[in-house]
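Residue numbers (UniProt numbering), protein chains in the order written: chain A, 1 to 694; chain B, 1 to 694.
For every residue, glycine included, the Cβ atom is placed at its ideal position computed from N, Cα and C.
Protein chains: 2
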Amino acid sequence: MSSSADFYQSLPVRPAVTKQTQPHPLAALSASEISATSQLIKSSWPPRTDLHFKVITLEEPAKAETVPFLKAEHHGLTPVPIARKAFVNYYIRDTDKFHEAIVNLSTRQVERNVRLGANVHSNGDAEEIVEIERVARDDPQVQAAIAKLQLPEGTVVISDPWIYGSDGVNDDDRMYQCFLYMRDPANPLEADSNHYALPLPISPVISVVEKKVIRVDILPTGADATVGELKPYSYRPPNEYIPEAQDLRTDVKPLHISQPEGASFSVTDQGQSSIIEWQKWSFRVGFNQREGMVIYDVRYDDRNLFYRLSLSDMNIPYADPRAPYHKKSAFDLGDVGAGLMANNLKLGCDCLGSIHYLDSVLANDKGEPIPMDNVICIHEQDAGIGWKHTNYRTGRAAVVRNRELVLQTIITVSNYEYILAFLFNQAGEMTYEVRATGILSTQPIDDGVDVSFGTRVHPGVLAVHHQHIFSLRVDPSIDSHTSNRVVYDEAHAMPRSSFNPHGTGYEVRETVIEHSGGYDLSPDNNRIFKIQNAGVRNAVNGKPVAYKIHAPPFQKMLADKDSFNHKRAEFADHNIYVVRHRDDELFAGGKYTNQSRGGTGVRAWADRREDVVDQDVVVFVQFGINHIPRVEDFPVMPCEVLKVGFKPVNFFERNPALDVPPSSQGANCSVLLSEEKDAGEGAMEGCCGEKSKL
Amino acid sequence: MSSSADFYQSLPVRPAVTKQTQPHPLAALSASEISATSQLIKSSWPPRTDLHFKVITLEEPAKAETVPFLKAEHHGLTPVPIARKAFVNYYIRDTDKFHEAIVNLSTRQVERNVRLGANVHSNGDAEEIVEIERVARDDPQVQAAIAKLQLPEGTVVISDPWIYGSDGVNDDDRMYQCFLYMRDPANPLEADSNHYALPLPISPVISVVEKKVIRVDILPTGADATVGELKPYSYRPPNEYIPEAQDLRTDVKPLHISQPEGASFSVTDQGQSSIIEWQKWSFRVGFNQREGMVIYDVRYDDRNLFYRLSLSDMNIPYADPRAPYHKKSAFDLGDVGAGLMANNLKLGCDCLGSIHYLDSVLANDKGEPIPMDNVICIHEQDAGIGWKHTNYRTGRAAVVRNRELVLQTIITVSNYEYILAFLFNQAGEMTYEVRATGILSTQPIDDGVDVSFGTRVHPGVLAVHHQHIFSLRVDPSIDSHTSNRVVYDEAHAMPRSSFNPHGTGYEVRETVIEHSGGYDLSPDNNRIFKIQNAGVRNAVNGKPVAYKIHAPPFQKMLADKDSFNHKRAEFADHNIYVVRHRDDELFAGGKYTNQSRGGTGVRAWADRREDVVDQDVVVFVQFGINHIPRVEDFPVMPCEVLKVGFKPVNFFERNPALDVPPSSQGANCSVLLSEEKDAGEGAMEGCCGEKSKL
């Protein structure tokens, strides 16, 4: 790795084999397509009509068109071209006139352009959120309320706009509920001061259409719902997370990960999507405003596994039943967008080792393209031993390491962060990983008060319990795009009999899911869901090929069934939803979650009770945590890691990682940290021999 | 890292500060102590009495003595010396006269030396297992049975001795049940041929006292319990796991982990134990025949957390109810010993990076010390992002990586492997990780037969379902060695009321465990067990300091309550057992598990129904998998990973990882895999600048 020449030899980026005459059907919209889309929409209105664009994103082609396209591609044939289309949401600016449109970019026609009905609202966007902050801050009523707190001279107040939520009480119009905080008054110029450590009991409500404060809620700060007069501020200590505010530990020695021969994966860019090939895996990566990273056309050794994978939505309902907190229930994808909130992942900070970044492009509120750089990082990592066996008779150990490919994106949802990753390994396994981190959403609490629905994490600061309920959308194609089924296995004790005279026997029973619906885990029965292709049998044992789903159990939504929280989060009540595929059913909580009323998400689709046996099925996998805050989660929380695994079950004919080369010191170049021992087996030689060449 | 001088500068091994006049009370027995012990036992018998030693291990001093010793140590005082004692199990060789003895090495006296009663049997040992293999192989009845199979000329038959198990039917004497396999007849000289791919239907039963075959069981190979005549062998393909039998993939590029300034941990050896210090953690590592790796005296920033941590036992009951398979139920620690089965971990194969190894010494059947080299490896690893927050207003990201310290040991239990590790991180969290790998225990099955209790993983090969149920013993000392309690939290919906008018509120309720007993998880209630010190309160919120236990739910033992399997595996029926500490209660399945009858393990101790509130409590945490074999698990299975986490809950006053230095390219030296992008922010310079010095 001494010269850049060596370095660039091992680049994973391949030029596309054939020049793309038009973008791949699954590629996200390019900057020029975004511009063309907004122009076409604007031209459908009288000149100078001011439009506020909310979403300009790829309208993915129908699966019925795309699957033949992919098949032709994989067979080296020329696919039938598919029209490029854009999906658009917009308002007539500063009105409640919310529209949904489809633009055909191939014909340059607006194919659909309709105003949506009552109680359908758009997501927030970056420009709007900044504007709402300003409105809240500048409002005289709000300033009058703040004045009553008698904050120290020069105190900076911060307003965090929150999605208003729904409770059915005077909430037909689109609003924001802002929560106010202050920076450490002793350090008011520190823009990265942790204002969540200093919450204020004032919460303005803002009309989005009018861009004005329509109400100022005073927050309950005791054990009950009583709201008193605003009292003068009394001193609270700050609680900063930025490194310069810490006495940093000095005993962490550097740890470097290097790949002297480059990475094992390749990236073929095709417009706004990239084909990744790695260790028999191949798939396409896309990125959009709503879901962020999307994985398409996942194949292993030229066999189809998944047509499309994405985080569909997440819901975070809070436990405090008191107004206005009872409405705190965010859909971070539907209400804002995982793509829009994606971090620019800087080299060396968010990944370690040899990294490739993918860029994307989204649209702003004017319909202009905005570059989104480094939104996905791709790298390999060592995940410990992959498999091992030692023959105790000969003492010979056969051992391989488990190399993983990681595609990671990180989103910031105001206070919280989610680190979202797809991981692939050499044993044909795929994992979706979520790391929840960032800062707790906080609210003021009086001294000496304890409540059962939250934890005091700092003087005067309550972090309320909340659930994070994620829904991963899995559109499988296990050896077929059109004929998969979902089954579950359970293990049951055999009754005593002449066959089982000692009461030790047990057996596995398989149940086929026949109708669309919500289904649950049952750890006591070892219930395991599998996505199966009953038409393709394993050559060794004749069982249907399948992938099983390893999802951790979690507590389902606690809000009661009549609550708006429950009605809206249509995925939050079951571990698994199984439905028949429909092109427009991507989002488990419904297409429009902001101030939604329910009835438009996966629960509604499942209620069709369709036959899902040997059909084009889609599985929504739910998982989550009930976050009961600890003091240790403040001022920034250590990552809480959740994983959903997909593993082959009788899909291959033997361990697919059997052909991974053995773990050897020659390849691994480990270092012995001891003068008392021989390095042994040429350990230092093999490694240092290589290293001395660097 | 260019010279060995640089390299050795960063060695983690420290000389002990003071010369140890005698071993630390928690240090394992030294070679000379082992020799002295066996000599003292031998001298208690007439000359030329041939003893078969089974166990010679440290008899750990009473906690009542050790805790004051540790306290004195931690305060820099001279502790009161504690007598060194050895625990011994032995037989009068080739008899059933099984003894338990305590030898006081300080006074050189045998303090206790008793013959144990009926139905108490020792573990197997390495020499005995080899001898049993030979007995089975050489027996004329066995050879006559093998002859009926008409195996190809030169076929090598392998005999795997199995612990006999218990069913109460003529099993008072100690026996082995051997399972026979053959090497690939086309390759009979390959000592590492995977004989588990070629099981034979013959199973000799051997008397340990007589060292002879007392019965040859013919195995059922159909769907029912019928046992037919032995039939001539018909061809079966081999299924090898060794790399030279594979067409190895060639596209895995090397991945190196290096620590150019050395490791961040230090090791202070004190006889047969070592003090590890790393990132505010300190603890002592020991190693013994039964449990293998043991962690003592775990402290964080000079606060006590755990007195002792070890894998207590594991049980693996199989699902096939037919004789003799119904007895297949192994206790891998009690029946053999995790220490005895520990692998020698070779540099570069089992760990990656900068590694320190610990050696140990155990005893053989003659009471002689045998060196056990490299039985534990210690290294640091990068575990991704530790925490992150991006201020969306300024765009500034604060991010740290999560460094972990790993102590790993690997055991081979005949066909299976377990990779066992304690992991510590910078957020005060500890994890116990098990990776199950190795080869399935197989048996012959007729062509075309499917059974509900196993999976055909290869032509003629059945892998029977089986449970792996682990019991981790946790002796906590959360800010006190004598006053901890175990509680559990649950989250419950609040009923609708004027306080909760929208049905969205929920609350956490804590339940104190008052009596020793078995307790279970309840994911639907988000039940979380915590080990708490009610006498020490968090300065921020006044809550008792605690560590919570994150254990995954698992299916408890399926064998019915009247079965021997259930009676013997006393830990297998509950997620958690809470008991009062007693010095001699280390092993959840009882001290003597081989052909045990139950009544001597944690269920029996819990049945005392002792008060466990603010006492010296011990927690046994159970976890496991019900392994329903897949074809992909053969001929060697990809690791199945299980984790049990321990996390602080209101133990610290803020995120304990807040002082981890920020993740920076300067420290991480990552490499950009793209010519299309600028490296940016001095990325290449910072890193390559350093590297060019190497």
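Check: Bridge partner(s) assigned by DSSP for residue 484(A); Outcome: 615(A)
Check: Which of helix, strand or coil DSSP assigns to residue 690(B); Outcome: Low confidence applies here, because residue 690(B) scores a pLDDT of 31, under 50, leaving its location unreliable; read the following figure in that light. Helix.
Check: Span separating the alpha-carbon of residue 166(B) from that of residue 122(B); Outcome: 14 Å
Check: Chain-ordered neighbours of residue 518(B) on chain A, where CB pairs are closer than 8 Å; Outcome: Residues of chain A passing the Cβ test: none, with the nearest at roughly 14 Å.
Check: Close-in-space but distant-in-sequence residues of the same chain around residue 471(B) (CB under 6 Å, 5 per side omitted); Outcome: 312, 313, 571, 588, 620 and 622
Check: Nearest residue (CA-CA) to residue 520(B), options 48(B), 573(B), 539(B) and 591(B); Outcome: 573(B)
Check: is_contact[residue 234(A), chain B] using C-beta, thresh 9 Å; Outcome: no
Check: Length of the line joining the Cα atoms of residue 507(A) and residue 182(B); Outcome: 28 Å
Check: is_contact[residue 549(B), chain A] using C-beta, thresh 9 Å; Outcome: no
Check: Residue-chain proximity (residue 5(A), chain B), Cβ-Cβ < 9 Å; Outcome: Because the pLDDT at residue 5(A) is just 34, under 50, the model does not fix this residue reliably, and the value given afterwards should be weighed accordingly. Output row for residue 5(A): interface = no.
Check: Segment contact flag, the stretch 320–337 of chain B with the stretch 112–132 of chain B, C-beta cutoff 8 Å, min 3 pairs; Outcome: yes
Check: Beta carbon proximity, residue 410(A) to chain B, threshold 9 Å; Outcome: yes
Check: Buried/exposed call for residue 403(B), threshold 16 Cβ in 10 Å; Outcome: buried
Check: Touch test, the stretch 427–447 of chain A against the stretch 455–474 of chain A, Cβ-Cβ under 8 Å, three pairs minimum; Outcome: yes
Check: Assigned secondary structure, residue 132(A) (DSSP; H/G/I helix, E/B strand, else coil); Outcome: helix
Check: Cβ pair count under 8 Å reaching 3, the stretch 600–619 of chain A against the stretch 190–203 of chain B; Outcome: no
Check: Chain-ordered residues of the stretch 238–266 of chain B with a beta carbon less than 7 Å from chain A; Outcome: 239, 241, 242, 243, 246, 247, 248, 249, 251, 252, 253, 254, 255, 256, 257, 258, 259, 260, 261, 262, 263 and 264
Check: As assigned by DSSP and simplified to three states, the class of residue 296(B); Outcome: strand
Check: Chain A contact for residue 376(B) (CB, 9 Å cutoff); Outcome: no
Check: Same chain, Cβ closer than 6 Å to residue 482(B), five either side skipped, listed in chain order; Outcome: 616
Check: Listed by chain order, chain A residues near residue 665(B) by CB distance under 8 Å; Outcome: 346, 347, 348 and 349
Check: Residue range of the unbroken beta strand (DSSP E) whose run includes residue 640(B); Outcome: 637–649
Check: Cut-off 6 Å between Cβ atoms - residues of its own chain near residue 99(B), not counting five sequence neighbours on either side; Outcome: 90 and 115
Check: Per-residue DSSP class, three states only, for residue 162(B); Outcome: strand
Check: Proximity below 9 Å, CB of residue 629(B) to CB of residue 455(B); Outcome: yes
Check: Contact set between the stretch 109–128 of chain A and chain B, restricted to residues whose Cβ is under 8 Å from the partner; Outcome: none
Check: Beta-carbon separation (whole angstroms), residue 491(A) vs residue 555(B), contact threshold 8 Å; Outcome: 6 Å
Check: Contact list for the stretch 565–597 of chain A against chain B, Cβ threshold 9 Å; Outcome: 565 and 566
Check: Beta-carbon proximity list for residue 364(B), same chain, < 8 Å, skipping 5 on both sides; Outcome: 53, 125, 126, 127 and 370
Check: Three-pair Cβ contact test at 8 Å for the stretch 656–671 of chain A versus the stretch 445–459 of chain A; Outcome: no
Check: Cβ shell of residue 585(B) (< 8 Å), same chain only, five flanking positions each side left out; Outcome: 579, 602, 605 and 618
Check: Contact check, residue 664(A) vs residue 351(B), beta carbons under 9 Å; Outcome: no
Check: Residue-chain proximity (residue 455(A), chain B), Cβ-Cβ < 9 Å; Outcome: yes
Check: Assigned secondary structure, residue 261(B) (DSSP; H/G/I helix, E/B strand, else coil); Outcome: coil
Check: Chain B contact for residue 184(A) (CB, 9 Å cutoff); Outcome: no
Check: Rounded straight-line distance, which links the Cα of residue 382(A) to that of residue 9(B); Outcome: Note that residue 9(B) scores a pLDDT of 34, beneath 50, so its modelled location is shaky; the value from the coordinates is reported in the next line. Each residue's alpha carbon lies about 27 Å from the other.
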